[in-house]
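> Numbering (the numbering used here), first residue to last: -3 to 413. No residue lacks a Cβ here, since even glycine has one placed at the ideal position from N, Cα and C.
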Ligand code: BGC
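#1: For the segment 181 to 222, which segments carrying the alpha helix (DSSP H) assignment without a break, of at least 4 residues, lie completely within its bounds, in sequence order?
#2: Count the other CB atoms, across all protein chains shown, that sit within 10 Å of the CB of residue 139; report buried if there are 16 or more and exposed otherwise.
#3: Residue 123 bridges to which residues according to DSSP?
#4: Would a C-beta distance cut-off of 8 Å place residue 303 and residue 99 closer than the cut-off?
#5: Do you know offhand how far residue 237's Cα is from residue 143's?
#6: Looking at the strands, I want to know which residues DSSP matches up with residue 251.
#7: Any idea what DSSP makes of residue 142, helix, strand or coil?
#8: How far does the alpha helix (DSSP H) with residue 44 in it reach, from first residue to last?
#9: With distance defined between alpha-carbon atoms, name the residue in 408, 119, 251, 249 nearest to residue 133.
#10: At which residue ranges does the segment 53 to 134 contain complete beta strand (DSSP E) runs of 3 or more residues, listed in the order of the chain?
#11: Report the rounded CA-to-CA distance for residue 242 versus residue 260, giving the unit in angstroms.
#12: Identify the residues that DSSP records as bridge partners of residue 281: which are they?
#13: Cβ of residue 93 within 8 Å of Cβ of residue 113?
#14: Under the DSSP definition of a beta bridge, which residues are partnered with residue 239?
#15: Comparing C-alpha positions only, which one of 30, 165, 274 sits nearest to residue 346?
#16: Just the Cα atoms here: how many angstroms apart are residue 369 and residue 137?
#17: Are residue 207 and residue 376 touching if we call contact CB-CB under 8 Å?
#18: Apart from the five residues just before and just after residue 223, which ones in its own chain have a Cβ nearer than 6 Å to its Cβ?
#19: State buried or exposed for residue 266, treating a residue as buried only when at least 16 other CB atoms are found within 10 Å of its CB.
#20: Specify the secondary structure class of residue 258 as computed by DSSP and reduced to three states.
#21: Indicate whether residue 78 and residue 70 have their beta-carbon atoms separated by less than 8 Å.
#22: Residue range of the alpha helix (DSSP H) that residue 391 falls in?
#23: Find the nearest neighbour of residue 182 within the set 155, 387, 83, judged by alpha-carbon distance.
#24: Can you grab the Cα-Cα spacing for the pair residue 341 / residue 107, in whole Å?
#25: For residue 348, does the three-state DSSP call read helix, strand or coil?
#26: Thinking just about the alpha-carbon of each residue, which of 95, 177, 339, 213 is nearest to the one in residue 245?
#27: Enumerate, from N- to C-terminal direction, the unbroken alpha helix (DSSP H) stretches of 4 or more residues contained entirely within the segment 314 to 375.
#28: Taking 7 Å as the cut-off, is the C-beta of residue 382 nearer than that to any heavy atom in ligand 1?
#29: Starting from the N-terminal side, write out each stretch of the beta strand (DSSP E) that is 3 residues or longer and does not extend beyond the segment 266 to 312.
#30: Considering only residues of the same chain and omitting the five flanking positions on each side of residue 204, which have a CB-CB separation below 8 Å?
#31: I need the straight-line Cα distance from residue 364 to residue 159, nearest angstrom please.
#32: Could you have a look at residue 161 and say whether DSSP puts it in helix, strand or coil?
#33: Would you grab the beta carbon distance between residue 50 and residue 315 for me? Rounded to a whole angstrom, and I think it's under 8 Å.
#34: Hey, out of 282, 105, 27, whose CA is closest to residue 128's CA?
#35: Measure how close the beta-carbons of residue 25 and residue 55 come, nearest whole angstrom, since I'm counting them as under 8 Å.
#36: Go through its chain and collect everything with a Cβ distance to residue 336's Cβ below 6 Å, but skip five positions before and after it.
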């Protein structure tokens, strides 16, 4: 009898162990969502996975645009210790896929019908040679301005619709003694403003020729010098302490009535919402004046790194399935400030800025005015992106004038290809 029970207990224990391994396998997630609004959105994801008994091992590496996260990732993969899932942007996904490091998500993608609902612009970065390698969680867009409504109302400033009106509005704020433009002096933040500025100068045609096709004539054109001139104009409206400031602290300046405007991707909205602010009442969201009707996008995706163990592979697939569920895409993006990465999610739960973002994304996709963000890895591979960062930030910090910046941009991009 003892032997029987002993054996049975051992079998039950083994079964439990194997079940719990399959059910409660952890995913280790590398990401750069460390601000208040980002952490709130991340919690939506953590809670969703916890309800599905997928455990979470957190690997945060702060820094917008993900540069620092990508450096950490490279070290981890080189050490043979790739995380399960990695927040990743655009061309970086394609590069890791080309290195053969990513898992194949086709089984889940087929079961869930991703092909029919994920926009083509995102599939271009999520599918490689017909295989799904990552799960897109959102669509962000960079050519937004976030404005403090009471500061504008107090000064009698209307929402600017042209670049000239925008400059006049910033001048009026500056004259009042407040900071006109909240900005954090980090290369990726300057590059983020550059996305919208380039669109405002030459529209989608110029943006594509210069930054997607990397046409030297467009890169070295007078329009490019005008884009740098506009960046210098913006530089004249930031406060003295901008160097090195994190983007969310710049958002906080607008939230706390210290500054009127911030040019930043719609992750900034996550900070306003976290602070209890309401769009239309407390703050305004509008496109960088001159870039209306155009959308510079970036999509956070979770690239899945190939795992040896079956349990880890299962957890990875389930995480991908969870991320792509329509209800999750709504719940997450409402908090994150972004819009869903699938075309069939209702906009009911979204605030006015979110509804606008969803409508404008769909319109831009059909009108051909949707372009990948230069700053956030959706226009070029990392080497070219970093070359652009270097020139944009050196010019912004007064190292050289606009004409020299244009010349340097041409040579830096040529060298990076
Ligand atoms: C990401 C956003 C993130 C932002 C600031 C961007 O590159 O796409 O999800 O909120 O950086 O950290």
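The relevant details are as follows:
#1: 183 to 203, 212 to 215
#2: Taking the chain shown and counting its residues from 1, one reaches residue 139 at position 143. Classification for residue 139: buried.
#3: Looking up residue 123 in the chain shown gives position 127. In the DSSP output, where bridge partners are listed per residue, residue 123 has 128.
#4: For the purposes of this step, residue 303 is identified with residue 307 of the chain shown, where counting begins at 1. For the purposes of this step, residue 99 is identified with residue 103 of the chain shown, where counting begins at 1. In contact: residue 303 and residue 99 (Cβ atoms closer than 8 Å).
#5: Working through the chain shown from its first residue, we reach residue 237 at position 241. Working through the chain shown from its first residue, we reach residue 143 at position 147. So the alpha carbons of these two residues sit roughly 20 Å apart.
#6: In the chain shown, residue 251 corresponds to position 255, counting from 1. Answer by DSSP bridge pairing: none, since residue 251 is not bridged.
#7: What you label residue 142 is simply residue 146 of the chain shown in a count that begins at 1. Strand at residue 142.
#8: Start at 1 with the first residue of the chain shown, and residue 44 comes out as number 48. Run containing residue 44: 32 to 47, per the alpha helix (DSSP H) assignment.
#9: For the purposes of this step, residue 133 is taken as the residue at position 137 of the chain shown. When only C-alpha atoms are compared, the closest one is 119.
#10: 81 to 85, 130 to 132
#11: In the chain shown, residue 242 corresponds to position 246, counting from 1. In the chain shown, residue 260 corresponds to position 264, counting from 1. Whole-angstrom Cα-Cα distance: 12 Å.
#12: For the purposes of this step, residue 281 is taken as residue 285 along the chain shown, with counting starting at 1. 142.
#13: Here residue 93 corresponds to residue number 97 of the chain shown, with the count starting at 1. Here residue 113 corresponds to residue number 117 of the chain shown, with the count starting at 1. It is not a contact, given that the beta carbons lie outside the stated cut-off.
#14: For this step, residue 239 is matched to residue 243 along the chain shown. Looking at the DSSP assignment, residue 239 forms a beta bridge with 181.
#15: Translated into the one-based positions of the chain shown, residue 346 becomes position 350. Answer by Cα proximity: 274.
#16: Taking the first residue of the chain shown as position 1, residue 369 is located at position 373. Taking the first residue of the chain shown as position 1, residue 137 is located at position 141. CA-CA distance, residue 369 to residue 137, rounds to 8 Å.
#17: Within the chain shown, numbered from 1, the residue matching residue 207 stands at position 211. Within the chain shown, numbered from 1, the residue matching residue 376 stands at position 380. In contact: residue 207 and residue 376 (Cβ atoms closer than 8 Å).
#18: By one-based count along the chain shown, residue 223 stands at place 227. If we look at residue 223 and ignore the five residues flanking it on each side, its Cβ neighbours are 193, 194, 197.
#19: Residue 266 sits at position 270 when you count from the first residue of the chain shown. Result: buried.
#20: The residue you call residue 258 lines up with position 262 of the chain shown. Residue 258: strand per DSSP, three-state reduction.
#21: By one-based count along the chain shown, residue 78 stands at place 82. By one-based count along the chain shown, residue 70 stands at place 74. The answer is no: Cβ separation not under 8 Å.
#22: Translated into the one-based positions of the chain shown, residue 391 becomes position 395. Residue 391 -> alpha helix (DSSP H) spans 378 to 392.
#23: As a position in the chain shown, residue 182 is number 186, starting the count at 1. Comparing Cα positions, the closest option is 387.
#24: Position 345 of the chain shown, counted from the first residue, corresponds to residue 341. Position 111 of the chain shown, counted from the first residue, corresponds to residue 107. Cα to Cα, the separation comes out at about 18 Å.
#25: By one-based count along the chain shown, residue 348 stands at place 352. Reduced to three states, the DSSP call for residue 348 is helix.
#26: As a working mapping, residue 245 is identified with position 249 in the chain shown. Measuring from the Cα of residue 245, the nearest candidate turns out to be 177.
#27: Here the runs fully enclosed are 322 to 332, 348 to 363.
#28: The residue given as residue 382 occupies position 386 in the chain shown. Outside the cutoff, so no.
#29: 279 to 283, 291 to 294, 296 to 300
#30: The residue given as residue 204 occupies position 208 in the chain shown. Closer than 8 Å at the Cβ level, and outside the excluded window around residue 204, lie 367.
#31: Here residue 364 refers to the residue found at position 368 of the chain shown. Here residue 159 refers to the residue found at position 163 of the chain shown. Roughly 22 Å between the two C-alpha positions.
#32: Walking along the chain shown from the start, residue 161 turns up at place 165. Here residue 161 sits in helix by DSSP.
#33: In the chain shown, counting from the first residue as 1, residue 50 sits at position 54. In the chain shown, counting from the first residue as 1, residue 315 sits at position 319. Indeed, because the Cβ distance is near 6 Å, the residues count as touching under 8 Å.
#34: Position 132 of the chain shown, counted from the start, is the residue given in the question as residue 128. It is 105 whose Cα lies nearest to the Cα of residue 128.
#35: For the purposes of this step, residue 25 is identified with residue 29 of the chain shown, where counting begins at 1. For the purposes of this step, residue 55 is identified with residue 59 of the chain shown, where counting begins at 1. Confirmed, about 6 Å.
#36: As a working note, residue 336 is residue 340 in the chain shown. Contacts found: 325, 329.
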